[in-house]
Amino acid sequence: RVGIYMHDEL
Amino acid sequence: MNIFRLVGDLSHLAALIILLLKIWKSRSCAGVSGKSQIMFAMVYMTRYLDLFTTFVSVYNSVMKVVFLLFSFVTVYLIYFKFKATYDGNHDTFRVEFLVVPVAGLAVLVNHEFSFLEILWTFSIYLESVAILPQLFMISKTGCEAETITSHYLFALGIYRALYIANWIFRYYMEGFFDFIAIVAGCVQTILYCDFFYLYVTKVWKGKRLTIPA
């Protein structure tokens, strides 16, 4: 997990 | 993953390949804004740092490496290998007027005040304006854009427009909603609209693309 937000888009 | 995002990513990849091939085959970066390419390299560097901290999927990691690689090679070709063909006199957009406000906004408006998250936010905001030096350059250099450059811009513009469709799809299917990415993505796509209109009305009819100064 990157911080609160898991950025799964490019 | 959904079809909108997959086609969007492939269109993005196609744009990077079109540009690289254009410069490599013609051994010239005439008409290409080095400043935009540097900003795109910054976008990928600040957005893909999570390459080392978070594994999403093989596809995600491979594409991040490819985007980083292609953008570095493109900048290398423009500023080193084919430096003699770089049209610096027309690539005069003051990028500090973009980078500084974008960095300020990223610190003020973000999802979480953490190092990686602020860099991710900076990269999202920067990407939405990174094409401006390129569009500015085309409107200055006698308004003539090589057809291949217009294909590059079209592929690059379409990728984020498809991401908007992806966000709509994910909102209804997964309840996913990333306000920052959506607003920046809309701004980015709007910046291309003028170009899209010219591209469809001109290039598709075999004419040369001209952006009015």
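As you go down the protein sequences, you meet chains A and B in turn. So the first sequence is numbered by my numbering: it starts at 1 and just counts up by one. So the second sequence is numbered by my numbering: it starts at 1 and just counts up by one. In this text, a Cβ means the ideal position worked out from N, Cα and C, and glycines have one as well.
Using the beta-carbon of each residue, which ones in chain A are nearer than 7 Å to residue i?
i         : result
VAL56(B)  : ASP8
ASP194(B) : In chain order: nothing, as chain A lies at least about 25 Å away.
Give the DSSP-derived three-state secondary structure of residue i in the structure shown.
i         : result
ALA130(B) : coil
THR53(B)  : coil
LEU10(A)  : coil
ALA155(B) : helix
ARG1(A)   : Note on ARG1(A): pLDDT 38, under 50, position unreliable in the model; the coordinate value appears next. In this structure, ARG1(A) counts as coil in the three-state DSSP scheme.
THR210(B) : strand
ALA106(B) : helix
ALA41(B)  : helix
ALA84(B)  : helix
ALA30(B)  : coil
Thinking C-alpha only, which one of the options is nearest residue i?
i         : options                                   : result
GLN37(B)  : ALA184(B), ALA181(B), TYR76(B), SER150(B) : TYR76(B)
VAL109(B) : VAL100(B), THR121(B), PHE115(B)           : THR121(B)
ASP87(B)  : ALA161(B), ILE158(B), THR141(B), VAL43(B) : THR141(B)
LYS25(B)  : THR53(B), PHE4(B), LYS81(B), VAL62(B)     : LYS81(B)
ALA84(B)  : PHE93(B), SER28(B), ARG94(B), VAL100(B)   : SER28(B)
TYR48(B)  : LEU105(B), ILE78(B), SER61(B)             : SER61(B)
GLU127(B) : SER11(B), PHE179(B), THR149(B), THR46(B)  : THR46(B)
ALA41(B)  : THR54(B), PRO212(B), VAL73(B)             : VAL73(B)
SER71(B)  : ILE23(B), PRO101(B), PHE196(B)            : ILE23(B)
ILE131(B) : ASP91(B), LEU116(B), THR147(B)            : ASP91(B)
THR149(B) : SER114(B), ARG94(B), LEU19(B)             : LEU19(B)
THR67(B)  : ASP9(B), LEU209(B), ILE3(B), LYS207(B)    : The residue asked about is misnamed: residue 67(B) is Phe in this sequence, not Thr. It is ASP9(B) whose Cα lies nearest to the Cα of PHE67(B).
Which chain A residues are close to residue i, counting only those with a beta carbon under 9 Å from its beta carbon?
i         : result
PHE214(B) : The question about residue 214(B) has no answer here: the residues shown for chain B are numbered 1 through 213.
ARG5(B)   : GLU9, LEU10
MET63(B)  : LEU10
ASN60(B)  : ASP8, GLU9, LEU10
Tell me whether residue i counts as near the ligand MN, meaning its Cβ is closer than 7 Å to at least one heavy atom of that ligand.
i         : result
LYS207(B) : The ligand MN is not part of this structure, which contains no ligands at all.
Starting from residue i, find everything on chain A with Cβ-Cβ shorter than 8 Å and list it in chain order.
i       : result
ASP9(B) : LEU10
Notebook entry, point to check: Per the contact definition of three or more C-beta pairs closer than 8 Å, is the stretch 150-160 of chain B in contact with the stretch 9-26 of chain B?
Noted result: yes
Notebook entry, point to check: Okay, do the stretch 18-35 of chain B and the stretch 127-136 of chain B touch, 3+ Cβ pairs below 8 Å being the bar?
Noted result: yes
Next item on the list: Evaluate the contact criterion for the stretch 179-194 of chain B versus the stretch 162-171 of chain B: three or more CB pairs, one atom per stretch, below 8 Å.
Entry: yes
Checklist line | Residues within the stretch 107-122 of chain B neighbouring chain A, beta-carbon criterion of under 8 Å | finding: HIS111, GLU112, SER114, LEU116, GLU117, TRP120
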